[in-house]
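**Q**
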Amino acid sequence: MISVDGVSIRFGAFTLFDRISFQVNPGDRIGLVGRNGAGKTTILNLIDRKQDPDDGRVVITSGTTVGYLPQQMKHRRGKSLYMETLDAFAEVLHLQERIKSVTRELEDREDHHTESYLNLIQELSNANELFEMEGGHSIHADVEQTLTGLGFEAKDMQRPVHEFSGGWRMRVELAKILLRRPDYILLDEPTNHLDIESIQWLEDFLSAYQGGVLIISHDRVFLDRVTNRTIELSLGKIYDYKVSYSRYEGLKQERITIQNSAYENQQKLIQDTEQFISRFRYKATKAVQVQSRIKQLAKLDRIEVEKEDDLVMNLRFPPAKRSGTIVVEANGLGKSFGDHRVLSGVDLIIERGEKVAFVGRNGEGKTTLSRILIGELDHTGIIKLGHNVELGYFAQNQDEIMDGDLTVLETVDRVAVGDIRGRIRDILGAFIFSGDDVDKKVRVLSGGERSRLAMASMLLQPFNLLILDEPTNHLDMRSKDILKNALLAFDGTLIVVSHDREFLDGLVDKVFEFRNQKVKEHLGGIYEFIQRKKIGSLKDIERKDQTPTVPVKDIKRVQKKEKPGVKAVQEKPAGTNNKLQYEERKVLEKKIRKISNRVKALEREVEEIEAELARMDAMLMNPENISGMQVYEEYELLKKRHDEALLNWEKHTLQLEKAEARRK
Numbered sequence: 000m001i002s003v004d005g006v007s008i009r010f011g012a013f014t015l016f017d018r019i020s021f022q023v024n025p026g027d028r029i030g031l032v033g034r035n036g037a038g039k040t041t042i043l044n045l046i047d048r049k050q051d052p053d054d055g056r057v058v059i060t061s062g063t064t065v066g067y068l069p070q071q072m073k074h075r076r077g078k079s080l081y082m083e084t085l086d087a088f089a090e091v092l093h094l095q096e097r098i099k100s101v102t103r104e105l106e107d108r109e110d111h112h113t114e115s116y117l118n119l120i121q122e123l124s125n126a127n128e129l130f131e132m133e134g135g136h137s138i139h140a141d142v143e144q145t146l147t148g149l150g151f152e153a154k155d156m157q158r159p160v161h162e163f164s165g166g167w168r169m170r171v172e173l174a175k176i177l178l179r180r181p182d183y184i185l186l187d188e189p190t191n192h193l194d195i196e197s198i199q200w201l202e203d204f205l206s207a208y209q210g211g212v213l214i215i216s217h218d219r220v221f222l223d224r225v226t227n228r229t230i231e232l233s234l235g236k237i238y239d240y241k242v243s244y245s246r247y248e249g250l251k252q253e254r255i256t257i258q259n260s261a262y263e264n265q266q267k268l269i270q271d272t273e274q275f276i277s278r279f280r281y282k283a284t285k286a287v288q289v290q291s292r293i294k295q296l297a298k299l300d301r302i303e304v305e306k307e308d309d310l311v312m313n314l315r316f317p318p319a320k321r322s323g324t325i326v327v328e329a330n331g332l333g334k335s336f337g338d339h340r341v342l343s344g345v346d347l348i349i350e351r352g353e354k355v356a357f358v359g360r361n362g363e364g365k366t367t368l369s370r371i372l373i374g375e376l377d378h379t380g381i382i383k384l385g386h387n388v389e390l391g392y393f394a395q396n397q398d399e400i401m402d403g404d405l406t407v408l409e410t411v412d413r414v415a416v417g418d419i420r421g422r423i424r425d426i427l428g429a430f431i432f433s434g435d436d437v438d439k440k441v442r443v444l445s446g447g448e449r450s451r452l453a454m455a456s457m458l459l460q461p462f463n464l465l466i467l468d469e470p471t472n473h474l475d476m477r478s479k480d481i482l483k484n485a486l487l488a489f490d491g492t493l494i495v496v497s498h499d500r501e502f503l504d505g506l507v508d509k510v511f512e513f514r515n516q517k518v519k520e521h522l523g524g525i526y527e528f529i530q531r532k533k534i535g536s537l538k539d540i541e542r543k544d545q546t547p548t549v550p551v552k553d554i555k556r557v558q559k560k561e562k563p564g565v566k567a568v569q570e571k572p573a574g575t576n577n578k579l580q581y582e583e584r585k586v587l588e589k590k591i592r593k594i595s596n597r598v599k600a601l602e603r604e605v606e607e608i609e610a611e612l613a614r615m616d617a618m619l620m621n622p623e624n625i626s627g628m629q630v631y632e633e634y635e636l637l638k639k640r641h642d643e644a645l646l647n648w649e650k651h652t653l654q655l656e657k658a659e660a661r662r663k
């Protein structure tokens with residue numbers, strides 16, 4: 000058991016925690032939530048003994064083991080995947096070395112009857128017994144089996160860990176934790192930098208794990224699938240809910256409503272009491288009552304209203320120059336790192352005002368292409384930025400590369416130029432840095448606060464092309480929602496590298512899928528892309544096996560089970576090249592958009608008719624609701640409308656498929 004008992008943490012006059020207490024029991028799967036800077040990571044550091052409380056204590060039952068997966072991982076450069084993972088058995092390996100050392104010493108000694116010799120014999124016996132108990136003879140097999148189960152291949156075993164992408168390095172740390180088999184696992188934003196396949200694996204692993212788990216995450220779906228308890232940190236206090244995240248959100252709103260009501264009642268009491276004191280302070284006949292009221296106010300436990308819901312990250316992008324129609328164009332683009340080829344023969348065009356998503360497995364080249372676009376990496380083939388394009392780039396590790404010794408204000412001041420310098424404090428205020436917050440050192444900021452600061456620094460220049468690589472990492476749910484709304488209002492061109500389905504939904508209108516060194520373009524939003532691929536989640540697009548397409552003849556059958564939508568189309572034959580000239584492509588794209596909009600409108604019409612048919616079906620089930628033949632006539636007309644709309648939808652869907660096939 001882990002017990003946090005009356006813990007307080009203070010930074011000068013600021014109190015982060017005020018005598019908080021809770022327990023983590025075996026089998027608990029706890030989601031630790033709260034706004035950025037509320038102290039979530041501090042809780043994990045306290046449990047892992049990386050930090051001591053100012054008051055109170057953290058008690059861990061004797062013999063209990065804890066595995067901690069932090070937000071940032073540090074690996075020794077050049078250390079191989081196999082040797083890094085073998086560190087999970089550091090104590091067993093140390094024991095093995097001691098066994099070898101004692102064995103060599105015994106072989107060289109001849110004083111077989113001395114006490115020291117007999118003590119060495121006993122030490123060797125105890126060490127061998129412990130080595131057996133810890134499974135020392137199978138550690139190498141265990142390492143290989145675990146890494147293989149997590150998706151690594153035999154050729155990866157001697158590859159340096161620093162060469163792997165963030166998601167794969169996260170799997171290395173998870174492998175080490177799994178091999179140690181701790182009683183409790185602490186995870187600080189484990190889904191950051193993970194692709195959907197990795198997130199799914201982690202969900203399955205945690206669901207089957209026998210020990211206790213304490214998780215910090217801003218992924219709603221992940222928390223709902225894993226946790227059975229939610230602890231919220233707010234204003235130095237904790238609120239413990241024995242439910243998953245979605246149910247917690249509803250209970251929290253009820254709590255805030257009650258809290259606001261209690262606050263208003265208390266403020267009325269305080270106001271009335273202060274008026275009484277002010278009115279009768281100098282009347283001798285009321286001296287006793289006045290003193291009583293003064294003491295009453297002094298002893299009153301003041302109710303605080305949670306202010307985080309009142310804070311607003313009002314992002315407003317500065318106006319930028321209008322770019323050319325073509326913002327990004329690539330022809331035959333390729334990139335290799337040594338013998339490892341990431342991209343090959345990539346062709347793509349991104350036009351002004353488009354908002355697109357880069358999706359695919361970790362290591363498939365999404366970040367590589369982003370870095371090529373900003374000029375960080377060389378490449379083969381051609382890639383061009385359009386006329387008047389001014390590019391802003393937010394990297395995955397943007398928050399890590401800032402100078403920790405600078406203050407928030409100094410960090411922004413160093414990148415601000417021109418008239419914008421006069422608006423620095425306003426910009427920081429929009430990113431929820433106000434008052435004394437601007438004087439904090441970067442090194443003491445939480446991951447979410449550093450991400451917000453990095454975003455603020457980027458927006459000091461008027462960009463008309465934004466490339467955001469995992470921008471929601473470390474941001475809390477509310478900040479993600481506000482950032483998404485700001486990007487929706489952004490009138491420039493947007494490229495987002497993300498695996499966050501909720502964030503991408505409604506934001507992007509085109510998806511570029513990275514797979515097997517190629518990039519394939521898909522029109523429509525993220526869920527249209529998923530539906531067109533006939534998959535239930537992005538997990539399936541990150542597998543190497545292609546998902547079968549649905550024949551046109553099966554469209555009507557599929558529609559009866561699912562919401563009508565644009566069907567998948569067959570891959571173009573290998574070796575063909577149907578690339579159109581730009582003007583022809585422009586006309587074709589306009590036609591595709593027009594047909595696509597008509598398909599969506601027909602989808603909505605079919606849904607509305609089906610909803611009305613369902614209502615009438617329910618009414619016709621009860622004869623008392625029927626008065627005359629008019630109801631039946633309306634019902635038949637509605638069915639006729641449904642058949643006509645469905646037929647029209649099928650016709651336009653076929654037209655759309657043909658148009659998309661021409662484009663390919």
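Those letters in the sequence shown? Residues 0 to 663, per numbering that gives the first Met the number 0, in order.
Note that CB positions come from ideal geometry on N, CA and C, so glycine has one too.
It should be emphasised that the depicted structure is a prediction, and the values quoted were computed from it without experimental measurement.
Mind the definition here: the region 346-362 touches the region 320-332 only if three or more C-beta pairs lie below 8 Å; say whether that holds.
**A** Segments in contact, yes.
**Q** Tell me whether I230 is buried or exposed, calling it buried when 16 or more other Cβ atoms sit within 10 Å of its Cβ.
**A** Buried.
**Q** Run the CB neighbour count on Y247, radius 10 Å, all protein chains shown included, and call it buried at 16 or more, exposed below.
**A** The residue is buried, with at least 16 neighbouring Cβ atoms inside 10 Å.
**Q** In whole angstroms, what separates the C-alpha of N596 from that of V510?
**A** The alpha-carbon atoms of N596 and V510 are separated by roughly 17 Å.
**Q** How would you write the range of the beta strand (DSSP E) that Q22 sits in, first residue to last?
**A** Note, Q22: beta strand (DSSP E), 13-23.
**Q** What span of residues does the alpha helix (DSSP H) with T102 cover, start to end?
**A** Looking at the DSSP string, the run of the alpha helix (DSSP H) that includes T102 is 89-107.
**Q** Under the three-state reduction of DSSP, which class applies to L213: helix, strand or coil?
**A** Strand.
**Q** For L205, tell me which candidate among N125, Y183, R219 has the shortest Cα-Cα distance.
**A** When each option's Cα is compared against that of L205, the closest is Y183.
**Q** Assuming T226 and I29 make a contact with CB atoms under 8 Å, what is their CB distance in whole Å?
**A** T226 to I29, Cβ: 6 Å. Contact.
**Q** Once the 5 residues before and after Y526 are set aside, which same chain residues still bring their CB inside 8 Å of it?
**A** Cβ neighbours of Y526 beyond the five flanking positions: R500, D504.
**Q** Mind checking whether G403 and M457 have CB atoms under 8 Å apart?
**A** Their beta carbons are not under 8 Å apart, which means G403 does not touch M457 by this criterion.
**Q** Since A356 is in the beta strand (DSSP E), which residue starts that stretch and which ends it?
**A** Looking at the DSSP string, the run of the beta strand (DSSP E) that includes A356 is 354-359.
**Q** Decide if S260 is buried, meaning its Cβ has at least 16 other Cβ atoms within 10 Å, or exposed.
**A** Its Cβ having fewer than 16 others within 10 Å, S260 is exposed.
**Q** So, helix, strand or coil for K590, using DSSP?
**A** DSSP places K590 in helix when its eight states are reduced to three.
**Q** Do you know how far the Cα of K365 is from the Cα of V358?
**A** Spanning the two alpha carbons is a distance of roughly 7 Å.
**Q** With H, G and I counted as helix, E and B as strand and the rest as coil, what does DSSP make of D4?
**A** It is a strand residue.
**Q** Note down, one range per segment and in chain order, each alpha helix (DSSP H) of at least 4 residues found wholly within the region 403-452.
**A** Segments of the alpha helix (DSSP H) lying fully in the region 403-452: 407-414, 423-429.
**Q** Check whether the Cβ atoms of L681 and L146 lie closer than 8 Å to each other.
**A** Coverage of the chain is limited to positions 0 through 663, which leaves residue 681 absent and any answer about it impossible.
**Q** Can you look up E350 in the DSSP assignment and give me helix, strand or coil?
**A** Residue state, collapsed to three classes: strand.
**Q** Can you tell me which of the three DSSP states S233 falls into?
**A** Reduced to three states, the DSSP call for S233 is strand.
**Q** Can you tell me where the alpha helix (DSSP H) holding N116 begins and where it ends?
**A** Residue 116 is actually Tyr in this sequence, not Asn. First-last of the alpha helix (DSSP H) with Y116: 114-132.
**Q** Please classify F221: is it buried, with 16 or more other beta-carbons within 10 angstroms of its beta-carbon, or exposed?
**A** F221 comes out buried.
**Q** Counting pairs of beta carbons, one from the region 32-43 and one from the region 231-241, are three or more of them closer than 8 Å?
**A** Flag = yes, the region 32-43 and the region 231-241 touch.
**Q** Give me whichever residues DSSP pairs with H111 in a beta bridge.
**A** According to DSSP, which records beta bridges pairwise, H111 is partnered with nothing at all.
**Q** Would you please state the rounded distance, in angstroms, between the beta carbons of L129 and L119? I believe it to be under 8 Å.
**A** L129 to L119, Cβ: 16 Å. No contact.
**Q** Tell me where the beta strand (DSSP E) around K334 begins and ends.
**A** Its beta strand (DSSP E) spans residues 325-336.
**Q** Leaving out five residues before and five after S433 in sequence, what residues of the same chain have Cβ atoms less than 8 Å from its Cβ?
**A** Here the set comprises L427.
**Q** V57 lies in the beta strand (DSSP E); which residues open and close that run?
**A** Per DSSP, V57 belongs to the beta strand (DSSP E) from 54-59.
**Q** Let me make sure I understand the geometry here. Which of Y208, M132, D54 has the alpha-carbon closest to that of G66?
**A** The candidate whose alpha carbon is nearest that of G66 is Y208.
**Q** Compute the Euclidean distance between the alpha carbons of I481 and P159, then round it to the nearest angstrom.
**A** Rounded to whole angstroms, I481 to P159 spans 39 Å at the Cα level.
**Q** When the Cα atoms are used, what is the spatial distance from V3 to F393?
**A** V3 and F393: Cα-Cα distance of roughly 37 Å.
**Q** Spatial neighbours of G385 within its chain, please: CB distance less than 8 Å, with the 5 preceding and 5 following residues excluded, ordered by chain position.
**A** Only S322, G323, T324, I325, V326, V327, E328, R351 meet the Cβ criterion.
**Q** Is Q397 buried or exposed, if buried means 16 or more other CB atoms sit within 10 Å of its CB?
**A** Buried: at least 16 other Cβ atoms inside 10 Å.
**Q** In whole angstroms, give me the CA-to-CA distance for S291 and E469.
**A** Straight-line Cα distance between these residues: approximately 59 Å.
**Q** Closest to E83 by C-alpha separation, out of S20, R170, K99, G134, would be which residue?
**A** Measuring from the Cα of E83, the nearest candidate turns out to be R170.
**Q** Do three or more CB pairs link the region 113-127 to the region 85-99 at distances below 8 Å?
**A** Segments in contact, yes.
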